[in-house]
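*Asks:*
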Amino acid sequence: MKRKATITVETERLVVISGSHAAAATLWCEACQAEVTMLGLDEASTLAGLSHRTIFQLAETGAIHFIETAEGKTMFCVRSLRQQTETRTTRLLNEERKD
Ligand SMILES: [Zn+2]
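Residue numbers (the working numbering): -6 to 92.
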């Protein structure tokens, strides 16, 4: 069965996930205490503009929320990913202002 899902998040970026590789779901995030969109690694990486390695590092520190599904797949919380991109942008702007 072919499946196509389009996920729109509140950002300039639009992530379109299609085919059997689709990796997005609405799941309960313990850290947010809310149902959020959770993305697979590739999609999370694309959305946040971060490497897979960085995503995992931030997840380990708790900066990015994640869960493991019953299939053993890691899914990342869109809310925390967006906070990362905002924090990063703010930091970059502040660093520029210092000079
Ligand atoms: Zn979360």
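Ideal placement from N, C-alpha and C gives every residue a C-beta, glycine not left out.
When every heavy atom of ligand 1 is checked, does at least one fall within less than 8 Å of the C-beta of S38?
*Replies:* The residue given as residue 38 occupies position 45 in the sequence shown. S38 Cβ: outside cutoff for every heavy atom of ligand 1.
*Asks:* Using the Cα positions of I48 and E88, report the straight-line distance between them to the nearest angstrom.
*Replies:* For the purposes of this step, residue 48 is taken as residue 55 along the sequence shown, with counting starting at 1. For the purposes of this step, residue 88 is taken as residue 95 along the sequence shown, with counting starting at 1. About 22 Å.
*Asks:* Identify, in the order they occur along the chain, each residue of the same chain with its Cβ nearer than 6 Å to the Cβ of E28, setting aside the five sequence neighbours on each side.
*Replies:* Here the question's residue 28 lines up with position 35 in the sequence shown. Result list for E28: T19 and W21, in chain order.
*Asks:* What do you reckon, is the C-beta of A56 under 8 Å from a heavy atom of ligand 1?
*Replies:* Taking the first residue of the sequence shown as 1, we reach residue 56 at position 63. It does not: the Cβ of A56 is nowhere closer than 8 Å to a heavy atom of ligand 1.
*Asks:* Check for me: the alpha helix (DSSP H) holding A41 runs from which residue to which?
*Replies:* Taking the first residue of the sequence shown as position 1, residue 41 is located at position 48. Looking at the DSSP string, the run of the alpha helix (DSSP H) that includes A41 is L34 to A41.
*Asks:* Looking at C-alpha atoms only, which residue of A16, T62 and C70 is the closest neighbour of G55?
*Replies:* Translated into the one-based positions of the sequence shown, residue 55 becomes position 62. Out of A16, T62 and C70, C70 has the C-alpha closest to the C-alpha of G55.
*Asks:* Would you list the one or two residues that DSSP bridges to L20?
*Replies:* Mapped onto the sequence shown, residue 20 falls at position 27. DSSP lists V29 as partners of L20.
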